[in-house]
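*Asks:* Residue numbers (the numbering used here): 265 to 332.
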Amino acid sequence: MLITVSVNGVTQQIKSQSTLTSLQHEFDLPTVGCVFAINDQIIPKGLWKTQQLCEGDQISLFQAIAGG
265 MLITVSVNGV
275 TQQIKSQSTL
285 TSLQHEFDLP
295 TVGCVFAIND
305 QIIPKGLWKT
315 QQLCEGDQIS
325 LFQAIAGG
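Structural data, given as structure tokens:
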């Protein structure tokens, strides 16, 4: 069964019971220096493997950028 979520404003269909880690692998998202938020709530990296995604979740991926 598929669910619909939004990843950085783009609607995506993913398998139900997907986690942030599986989403990261499925869409080849960066793994270093990034932070995930679900529905505007930051998810600690230690929970990415167990944090299940739900229908309608708004997922944001932020990546640190060095600058000067």
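For glycine and all other residues, C-beta sits at the position ideal for the given N, C-alpha and C.
Assuming the contact rule is C-beta atoms closer than 8 Å, Phe300 and Leu317 should be a hit. Round their C-beta distance to whole Å, please.
*Replies:* Actually they do not touch by this definition, with Cβ atoms about 10 Å apart.
*Asks:* Measure the alpha-carbon distance for Asp321 versus Gly331 and round it to whole angstroms.
*Replies:* Between the alpha carbons of Asp321 and Gly331 lies a gap of roughly 31 Å.
*Asks:* Should Leu287 be labelled buried (16 or more other beta-carbon atoms within 10 Å of its own) or exposed?
*Replies:* buried
*Asks:* Are the CB atoms of Ser280 and Met265 within a distance shorter than 8 Å?
*Replies:* yes
*Asks:* Assuming the contact rule is C-beta atoms closer than 8 Å, Gln315 and Pro294 should be a hit. Round their C-beta distance to whole Å, please.
*Replies:* Not a contact, Cβ separation roughly 17 Å.
*Asks:* Quick check on the DSSP output: the beta strand (DSSP E) that includes Ser324 runs from which residue to which?
*Replies:* Gln322 to Gln327 is the span of the beta strand (DSSP E), which, as asked, contains Ser324.
*Asks:* To the nearest angstrom, how far is the alpha carbon of Gln305 from that of Ser324?
*Replies:* 9 Å
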